[in-house]
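In UniProt numbering, the protein residues as written are 1 to 207.
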């Protein structure tokens, strides 16, 4: 039985800068600055093309029972029991992958933060994320139903509500966050109605 993620969304790939040698590949995800140090991955292919797959050094369990690959070809070796306990979109331990690699549409920088909320470790601080990164993460959190990350993402979006009220209103409408909707709507009271309506999904507009 193939390993299937319940939700099937398409997200835009975020930019990555790469430098490679024969043994290692280094990825610096510009929109997701988790630390001042670059992230290193162990290379698993002798090929030096951009399609080589690397394993994330922080998510490289020897006894992993599921391998998830990002859109930029970084693999995360994870445990189904953690995904089952902390998310609602990934199958649990009763579903066998038979060595199949699960490919997701999100980049490694985003998935690194996402999976940190599914692992037995201290959760990451989202305070330093820029708005575009935080919004992309928030959408992925809702998409894969990563429960522990939902509130931190909503709290983080509140910091940007004056600058990006339409985007935050749309996110609140899509994922049913009444307080986020109310606060964003207050900042849009004196905004031109046409640009606002154009950005809101049609399913939320009353005819």
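We treat Cβ as the ideally placed atom computed from N, Cα and C, and that holds for glycine.
When the Cα atoms are used, what is the spatial distance from residue i to residue j?
{"i": "residue 80", "j": "residue 141", "result": "17 angstroms"}
{"i": "residue 126", "j": "residue 190", "result": "30 angstroms"}
{"i": "residue 71", "j": "residue 153", "result": "22 angstroms"}
{"i": "residue 279", "j": "residue 182", "result": "Residue 279 is absent from the structure shown; the chain starts at 1 and stops at 207."}
{"i": "residue 104", "j": "residue 56", "result": "15 angstroms"}
{"i": "residue 177", "j": "residue 68", "result": "29 angstroms"}
{"i": "residue 74", "j": "residue 124", "result": "19 angstroms"}
{"i": "residue 83", "j": "residue 114", "result": "11 angstroms"}
{"i": "residue 149", "j": "residue 179", "result": "17 angstroms"}
{"i": "residue 155", "j": "residue 168", "result": "11 angstroms"}
{"i": "residue 135", "j": "residue 121", "result": "23 angstroms"}
{"i": "residue 109", "j": "residue 160", "result": "21 angstroms"}
{"i": "residue 54", "j": "residue 151", "result": "31 angstroms"}
{"i": "residue 137", "j": "residue 100", "result": "25 angstroms"}
Spatial neighbours of residue i within its chain, please: C-beta separation below 6 angstroms, excluding the five flanking residues on both sides.
{"i": "residue 165", "result": "184, 187, 188"}
{"i": "residue 144", "result": "87, 89"}
{"i": "residue 139", "result": "none"}
In terms of residue numbering, what span does the alpha helix (DSSP H) encompassing residue i cover?
{"i": "residue 146", "result": "Counting along the chain, residue 146 falls outside any alpha helix (DSSP H), and DSSP gives it neither H nor E."}
{"i": "residue 115", "result": "108-116"}
{"i": "residue 127", "result": "Here residue 127 belongs to no alpha helix (DSSP H), and DSSP marks it neither H nor E."}
{"i": "residue 55", "result": "Per DSSP, residue 55 belongs to no alpha helix (DSSP H); it is in the beta strand (DSSP E), 54-60."}
{"i": "residue 84", "result": "80-86"}
{"i": "residue 69", "result": "Taken as a continuous stretch (DSSP letters only), residue 69 belongs to no alpha helix (DSSP H), being part of the beta strand (DSSP E) at 66-69."}
{"i": "residue 166", "result": "165-175"}
{"i": "residue 183", "result": "178-187"}
I think residue i touches residue j, with their Cβ atoms under 8 angstroms apart; what is that distance to the nearest whole Å?
{"i": "residue 102", "j": "residue 66", "result": "7 angstroms"}
{"i": "residue 77", "j": "residue 64", "result": "4 angstroms"}
Please go through the same chain and pick out, in chain order, the residues whose beta-carbon is closer than 7 angstroms to the beta-carbon of residue i, but skip the five residues on each side of it.
{"i": "residue 162", "result": "187"}
{"i": "residue 172", "result": "180, 181, 184"}
{"i": "residue 117", "result": "86, 123, 146, 148, 149"}
Spatial neighbours of residue i within its chain, please: C-beta separation below 8 angstroms, excluding the five flanking residues on both sides.
{"i": "residue 59", "result": "76, 77, 78, 112, 115, 119"}
{"i": "residue 61", "result": "77, 78, 79"}
On the DSSP letters alone, give me the boundaries of the beta strand (DSSP E) that residue i sits inside.
{"i": "residue 161", "result": "Neither: residue 161 is in no beta strand (DSSP E) and is coded neither H nor E."}
{"i": "residue 103", "result": "101-103"}
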